[in-house]
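Asker:
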Amino acid sequence: MLINNTVDYLLNLSQFQDLDLANVYKDEPLHYVDVGARGGLHDLVTPFASNISVLGFEPDQKECKRLKNIKEVVDQWANFELEPIGLYNTKGRRKLYLHTVETNHSLLPANSIFVNRYGMEKFKVIGSTTVDVDLLDN
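Here it is as structure tokens:
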């Protein structure tokens, strides 16, 4: 991927490393919040991983535990914290709608009219489960 190669190249240039900006991000990493971290973090931010502090949320406890146990996932970030909950506007338990593709699971049901009209098979609801939820501020 072009962006990964370009970013890696720039971050490793001695001219960049000598800048105060480079030191700022080492001492004060950028913060990235991933809501629904199944499968790992978005490729868009991985080129900057060593300068990013991650706070992720994944309501599927098995997937959350799996990700936390993958050294390559955790160690590439300046800081990596993953919570086994979903985010909502109240604390408690909520229905998680399970879609055909696991990365599409959501606390909100897909719009079935839209899904059927446009043949969006990946968003078809195939079941549900109940998960713990909390507010981002907690």
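The sequence shown begins at 1 in UniProt numbering and counts up one residue at a time.
Glycine included, C-beta positions come from ideal geometry on N, C-alpha and C.
#1: If I measure Cβ to Cβ from V54 and keep anything under 7 Å in the same chain, skipping five residues before and after, which residues do I get?
#2: With burial defined as no fewer than 16 other Cβ atoms inside 10 Å of the residue's Cβ, what is the status of F57: buried or exposed?
#3: Below 8 Å, how does it come out for the region 91 to 101 and the region 120 to 136: are there three or more Cβ pairs, yes or no?
#4: With N116 as the anchor, note down where its alpha helix (DSSP H) starts and where it stops.
#5: Go through the region 52 to 97 residue by residue and report every complete run of the alpha helix (DSSP H) that reaches 4 residues or more, in order.
#6: Using the rule of at least 16 other Cβ atoms within 10 Å of the residue's Cβ for burial, across every protein chain shown, is P109 buried or exposed?
#7: For F16, count neighbouring Cβ atoms within 10 angstroms of its own Cβ and tell me buried if that reaches 16, exposed if not.
#8: What first and last residue would you give for the alpha helix (DSSP H) that runs through S14?
Answerer: Let's see:
#1: The residue labelled residue 54 in the question sits at position 54 within the sequence shown. Once the five neighbours on either side are set aside, the close Cβ partners of V54 are Y32, D34, L41, W77, N79, F80, E81.
#2: Your numbering for residue 57 matches position 57 in the sequence shown. Result: buried.
#3: yes
#4: As a first step, residue 116 is located in the sequence shown; it is residue number 116 there, counting from the start. Per DSSP, N116 belongs to the alpha helix (DSSP H) from 112 to 117.
#5: 61 to 68, 71 to 75
#6: As a position in the sequence shown, residue 109 is number 109, starting the count at 1. So P109 counts as exposed.
#7: Residue 16 sits at position 16 when you count from the first residue of the sequence shown. With fewer than 16 Cβ atoms within 10 Å of its Cβ, F16 is classed as exposed.
#8: Start at 1 with the first residue of the sequence shown, and residue 14 comes out as number 14. First-last of the alpha helix (DSSP H) with S14: 14 to 17.
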